[in-house]
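Undergrad: Okay, here's the structure, questions in a sec.
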Amino acid sequence: MGLDIRWPIGLMFSLIGVLLVGYGLITSSDAEMYKRSLEINVNLRWGLVLLVFGATMLTLAWRGSKQDAAEAKKKV
Amino acid sequence: MQSVALGFLDYAILAIYVIFVIGIGFTLRRYMKSSSDFLTSGRSIPAWVTGLAFISANLGALELVGMAASGAKYGIATSHFYWVGAIPAMIFLAVFMMPFYYGSKARSVPEYLKMRFDERVRALNSIAFAVMTVFASGISMNALAKLLNQLLGWNYHAALWICSAVVLLYVLKGGLTSAIYTEVLQFFMIVLGFAPVVYLGLQDVGGWDAMTHALKGVSVDPSALHLKEAGTHYAANAWTSAWQPLLAGPKNNPMGVDLFAMVFGLGFVLSFGYWCTNFLVVQRAMAARNMGAARRTPLIAAVPKMLFPALVIVPGMLAVALTSMSGKGYRIPPPALETSAIEAAVAAVKASPQPALAQVVDSISAAQNGLDAKTGKPKKLVGFDQAKLSAVLATYAAKPIGKSDAEGDKAVRSEFVGALSNAVTDYDYDGVIFSLVKRYCPTGMLGLALTALLASFMSGMAGNVTAFNTVWTYDLYQAYIAKNKSDQHYFWMGQAITVVGILLSIACAYFARNYNNAMDIIQLVFGFVNAPLFATFLLGMFWARCTGTGAFIGLFGGIGSSAIFHSLTIAAGNSPGVKGGYISVVSTFPSEMAQNFWLATFAFLICLGLTLVISLVTARTKSDAELTGLVYSLTPKLKDAHEAWYLRPAVVGIILLVCCVILNFIFW
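Residue numbers (my numbering), protein chains in the order written: chain W, 154 to 229; chain P, 27 to 694.
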């Protein structure tokens, strides 16, 4: 119905991913902060995972919309 | 539990999530033109979306919190709630039942009952369901607001109203479609928000093998962690093996359940009763865009459901393992102490001379759990580590802790409360999941995990509200109050009842907060109503001779018999009352869970028997022609042999069952 849910999912996770990666980069020298996550910079790493997931969703949505457009053209 | 401070980024992530779910609602608003758009999504949604929404709607109801708690209490055996108590029923729904729900064009489960039987059965089912959904959503919102209050120090009322308002906004704007779409988004949020916590936890204990090793130590000596009385123990695999402790009998597994109750009571009666007849989940499948998509919905949902134990049960097991490792500095959090209990402790510290230890425990317990009117003793004693408690009493005797929160040195007082809580040996298992989030997540990840927690509650509430508004509008309002109105009128009613539904949920949340005991009774009654339900559907769908009178009386008989069963049985360790046995105790079960499973089994069999007998002695009111599309033997079989294998529910169902069996063998 109307909205392809992959757009908002993709957008939201890309956005959160960017924020986490950015924050992870800024704080990468802050050893004290990452002590609790076992000295892993989880913000950076998991931010990248979210970014990849978000981008995949956006790509799928984009391809879906192209397909729909092509089908609509055929009908005309 | 001490509260956590959120950073700016954490709030930003939370805000982004809220903006997106509301945004989805507003985007969908222009597609809402009729009551069916609003209440049934106009049957237009692809299968992968309804499939993930199906699982997300179920996830909401305290699952994350509750299953982590069970993982800590029972270990891997908790997976029975997934691999025994969900997957087979979901496959059954897809292969056998969905054709009737979807093919009959019923808009709800109660409406199907009306087509198959008569108005009486529908009325009974829809009223019970409507009341139940409102209470279920109230209970979970109360839990959420309490959690946010304890963890983040947010105001209880603000948390409750704001979360409800967000759900109201997006459901009111975009109806069922909006609820389903946001449930998909919430599904990913929950998975992606909690996966890193599980990963870090596993890293911390030193991997899976290290965790199972630690758990074996706990099983052999559970009293070291105060999990069982001193001197008693389980076999080494009690936490790490799914079936062996069960086969060894109820005394040898932490659940206290026997094999038959597990497989038949949970795996058949309760599980099929929930997954195959509960409109909350079935509604998601009914919103799919065609029959194929509707049947694939539960199958798609079964895949994540099968894997969820890794996400929700493992954290609980990790918590127990970490607690048993002395060097890790972790313990399962103690229950939050009431202000009055803390004040009782302060009084004991300040008294001179200080009272005996047993007396201190008594006065704290009385404040925390209340007094038993009959015996004049505390209802339940708070468990204390004697040595730690006396150390606390000695240490703080001369320090400025103040009589109440307002007095004394703030820092010293909070240190005192921390030390006192740490001396408590009881566990608040519901706090497990968040204690791990707090332990491992720095700012950033913390916001993500917290948003995931919020998402799981919201998806549950939205699920309840959308199921409630459909049943109210179509099965109660249109059927009994205002027939033959224009569709626009029902559309308006659907929206109005959404607001009312949310307000009722909030009222129930307050009710749950203030009358905990009343809530126990209400949930008990729901248990009675639900237990026999699947017998009615089974006979209705697969036996054309089954009559409306038979179904109606069978249901009532089933409900009544579960109430009687409950009044005559009790679980070991409980005293007669709300927990059962209030007429007399004929039989004692090793645990409440066993009592529940047996109650369901009993009610199911009574309902089945009654419905059978009464159907045979009453005349059929519906002809074969009327039952076409509603009963298995009278409905032409769906032909899907020409489709690709992965589009055929029976084939996919068998593959999923095999996977499920393999999983059971791996964690045997």
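The beta carbon of each residue, even a glycine, is placed where N, CA and C say it ideally should be.
Leaving out five residues on either side along the sequence, give the residues of the same chain with a beta carbon under 6 Å from the beta carbon of residue 666 (chain P).
TA: Cβ within range, chain order: 674.
Undergrad: Mind checking if residue 210 (chain P) is an interface residue toward chain W, Cβ cutoff 9 Å exclusive?
TA: Yes - at least one Cβ of chain W is within 9 Å of the one on residue 210 (chain P).
Undergrad: Can residue 202 (chain P) and residue 67 (chain P) be called in contact, C-beta distance under 9 Å?
TA: Yes, Cβ-Cβ distance for residue 202 (chain P) and residue 67 (chain P) is below 9 Å.
Undergrad: Can you say whether residue 45 (chain P) is buried or exposed, counting buried as having 16 or more other CB atoms within 10 angstroms of its CB?
TA: So residue 45 (chain P) ends up on the exposed side.
Undergrad: In whole angstroms, what is the alpha-carbon distance linking residue 575 (chain P) and residue 600 (chain P)?
TA: Approximately 38 Å, taken between the alpha carbons.
Undergrad: List the DSSP bridge partners of residue 606 (chain P).
TA: Beta-bridge pairing links residue 606 (chain P) to P:603.
Undergrad: Listing by chain order, which chain P residues have their CB less than 7 Å from the CB of residue 199 (chain W)?
TA: Per Cβ cutoff of 7 Å: 222 and 471.
Undergrad: When you compare the CB positions of residue 212 (chain P) and residue 619 (chain P), do they come within less than 9 Å of one another, or not?
TA: Not closer than 9 Å, so no.
Undergrad: Kindly indicate the opening and closing residues of the alpha helix (DSSP H) around residue 185 (chain P).
TA: Here the alpha helix (DSSP H) through residue 185 (chain P) covers 182–231.
Undergrad: Residue 237 (chain W) to residue 157 (chain W), Cα distance in whole Å?
TA: What the structure shows of chain W is the stretch from 154 to 229, and residue 237 (chain W) is not part of that stretch, so it cannot be assessed.
Undergrad: Suppose only complete runs of 3+ residues qualify. What are the beta strand (DSSP E) ranges in the region 321–346 of chain P, listed by chain order?
TA: If we require 3 residues or more, the region 321–346 of chain P turns out to have no beta strand (DSSP E) run fully inside it.
Undergrad: If we count the other Cβ atoms within 10 Å of its Cβ and call it buried at 16 or more, is residue 571 (chain P) buried or exposed?
TA: It is exposed - the Cβ of residue 571 (chain P) has fewer than 16 other Cβ atoms within 10 Å.
Undergrad: Is it buried or exposed, residue 668 (chain P), if we count other Cβ atoms within 10 angstroms and call 16 or more buried?
TA: Classification for residue 668 (chain P): exposed.
Undergrad: Determine, using beta carbons only, whether residue 205 (chain W) comes closer than 9 Å to chain P.
TA: No, its Cβ sits nowhere closer than 9 Å to a Cβ of chain P.
Undergrad: Can you check whether the C-beta of residue 235 (chain P) is within less than 9 Å of a C-beta belonging to chain W?
TA: Chain W, which has no Cβ nearer than 9 Å to the Cβ of residue 235 (chain P), makes this no.
Undergrad: What number of angstroms, rounded off, separates the C-alpha of residue 239 (chain P) from the C-alpha of residue 345 (chain P)?
TA: Cα to Cα, the separation comes out at about 14 Å.
Undergrad: Check distances from the C-beta atoms of the region 51–84 of chain P to those of chain W and list, in chain order, the residues that come in under 7 Å.
TA: Listed by position along the chain: 53, 54, 57, 67, 68, 70, 71 and 75.
Undergrad: Closer than 8 Å, Cβ to any Cβ of chain P: which residues of the region 181–196 of chain W, in chain order?
TA: Going along the region 181–196 of chain W in chain order, one finds 186, 187, 189, 190, 191, 193, 195 and 196 with a Cβ nearer than 8 Å to chain P.
Undergrad: Pick out the complete beta strand (DSSP E) segments inside the region 588–660 of chain P, 3 residues or longer, and give them in chain order.
TA: If we require 3 residues or more, the beta strand (DSSP E) runs fully inside the region 588–660 of chain P come out as 595–597 and 613–615.
Undergrad: I need the straight-line Cα distance from residue 189 (chain W) to residue 227 (chain P), nearest angstrom please.
TA: If you take the alpha carbons of residue 189 (chain W) and residue 227 (chain P), they lie about 11 Å apart.
Undergrad: Within a Cβ cutoff of 8 Å, which residues of the same chain sit near residue 166 (chain W), ignoring the five residues on either side of it in sequence?
TA: So the qualifying residues of the chain are 203, 204, 206, 207 and 210.
Undergrad: Check each candidate in P:660, P:497 and P:533 and name the one with the smallest Cα separation from residue 132 (chain P).
TA: Nearest C-alpha to residue 132 (chain P): P:497.
Undergrad: Which same chain residues, not among the five before or five after residue 640 (chain P), have their C-beta less than 8 Å away from its C-beta?
TA: These residues qualify, in order along the chain: 573, 575, 576, 579 and 580.
Undergrad: How is the alpha helix (DSSP H) around residue 315 (chain P) delimited, first residue to last?
TA: Here residue 315 (chain P) belongs to no alpha helix (DSSP H), and DSSP marks it neither H nor E.
Undergrad: Please identify, using Cβ separations under 8 Å, the residues of the region 155–171 of chain W that lie next to chain P, in order along the chain.
TA: Residues passing the 8 Å Cβ filter: 155, 156, 158, 161, 162, 164, 165, 166, 168 and 169.
Undergrad: Report, in whole angstroms, the separation of the C-beta atoms of residue 171 (chain P) and residue 535 (chain P), which I expect to be a contact under 8 Å.
TA: Indeed, because the Cβ distance is near 7 Å, the residues count as touching under 8 Å.
Undergrad: Looking at residue 303 (chain P): is its Cβ nearer than 9 Å to the Cβ of residue 563 (chain P)?
TA: Yes, Cβ-Cβ distance for residue 303 (chain P) and residue 563 (chain P) is below 9 Å.
Undergrad: Could you tell me which residues DSSP puts in a beta bridge with residue 404 (chain P)?
TA: Note: residue 404 (chain P) sits in a beta bridge opposite P:397.
Undergrad: Determine, using beta-carbon pairs with one atom in the region 160–169 of chain P and one in the region 500–518 of chain P, whether at least three such pairs fall under 8 Å.
TA: Flag = no, the region 160–169 of chain P and the region 500–518 of chain P do not touch.
Undergrad: If we ignore side chains and look at the alpha-carbon of each, how far apart do residue 523 (chain P) and residue 151 (chain P) end up?
TA: The straight-line gap from Cα to Cα measures roughly 19 Å.
Undergrad: Is the Cβ of residue 211 (chain W) closer than 9 Å to any Cβ of chain P?
TA: No, residue 211 (chain W) lies away from the interface with chain P (no Cβ there is under 9 Å from its Cβ).
Undergrad: Going along chain P, which residues have a C-beta under 7 Å from residue 173 (chain W)?
TA: Here the neighbours are 470.
Undergrad: Mind pulling the chain W residues with CB within less than 8 Å of residue 214 (chain P)?
TA: In chain order: 162, 166 and 206.
Undergrad: Residue 49 (chain P) versus chain W: which residues are under 8 Å apart at the beta carbon?
TA: Simply 161.
Undergrad: For residue 155 (chain W), count neighbouring Cβ atoms within 10 angstroms of its own Cβ and tell me buried if that reaches 16, exposed if not.
TA: Under this definition residue 155 (chain W) is an exposed residue.
Undergrad: Helix, strand or coil for residue 450 (chain P), going by three-state DSSP, please let me know.
TA: Three-state DSSP puts residue 450 (chain P) in a strand.
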